[in-house]
């Protein structure tokens, strides 16, 4: 089964009834036939953004415990690459979560499901556009 890397915004859109991207996120999640991957930094962002949503943080964690989302990425194993990405895109700026997701896309050769237009700027392996789901598809 192929993999799709999921960004914070896509997860928040799925879980927040008031999110502007909710309908689009639901439509996309329903059609994905892939292993959904993310990183711990994105989960941290999700929990923060959904802290005022009823059971928001718990639902995010339930996505992981139910294996709907998989975390299979170690920042420490990729720290030099992550630091280089954050330095390269410091003017954007690039968050730790975004850097981890770009690195995951490099390693796994997988698209990123996001509504964040910063990913249109980011490149993997220096110059290659990142395949995106959600925007640009």
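Numbering (our numbering), first residue to last: 2 to 138.
From the three backbone atoms N, C-alpha and C, an ideal C-beta is built for every residue, glycine too.
Assuming residue i is part of the beta strand (DSSP E), what are its boundary residues?
{"i": "residue 85", "result": "Note, residue 85: premise wrong, no beta strand (DSSP E); alpha helix (DSSP H) at 80 to 89."}
{"i": "residue 76", "result": "From DSSP, residue 76 is part of no beta strand (DSSP E); its letter is neither H nor E."}
{"i": "residue 6", "result": "4 to 7"}
Rounded C-beta distance between residue i and residue j? I'm assuming under 8 Å.
{"i": "residue 13", "j": "residue 50", "result": "5 Å"}
{"i": "residue 15", "j": "residue 33", "result": "That pair is no contact at about 11 Å."}
Is residue i near residue j, with beta carbons less than 8 Å apart?
{"i": "residue 46", "j": "residue 52", "result": "no"}
{"i": "residue 95", "j": "residue 6", "result": "no"}
{"i": "residue 4", "j": "residue 102", "result": "no"}
{"i": "residue 119", "j": "residue 93", "result": "yes"}
{"i": "residue 125", "j": "residue 107", "result": "yes"}
{"i": "residue 86", "j": "residue 112", "result": "no"}
{"i": "residue 17", "j": "residue 23", "result": "yes"}
{"i": "residue 61", "j": "residue 48", "result": "yes"}
{"i": "residue 80", "j": "residue 65", "result": "no"}
Give the range of the alpha helix (DSSP H) segment to which residue i is assigned.
{"i": "residue 108", "result": "97 to 109"}
{"i": "residue 25", "result": "23 to 32"}
{"i": "residue 93", "result": "Per DSSP, residue 93 belongs to no alpha helix (DSSP H) and is neither H nor E."}
{"i": "residue 63", "result": "57 to 66"}
Which of the three DSSP states is assigned to residue i in this structure?
{"i": "residue 128", "result": "coil"}
{"i": "residue 38", "result": "strand"}
{"i": "residue 71", "result": "strand"}
{"i": "residue 116", "result": "coil"}
{"i": "residue 133", "result": "strand"}
{"i": "residue 51", "result": "coil"}
Looking only at its own chain, which residues have a Cβ that is under 7 Å from the Cβ of residue i, when we skip the five neighbours before and after it?
{"i": "residue 37", "result": "5, 7, 69, 70 and 71"}
{"i": "residue 30", "result": "15"}
Between which residues of its own chain and residue i is the CB-CB distance below 8 Å, once the five residues before and five after are set aside?
{"i": "residue 136", "result": "115, 116, 117, 118, 120 and 121"}
{"i": "residue 83", "result": "76, 97, 100, 101 and 104"}
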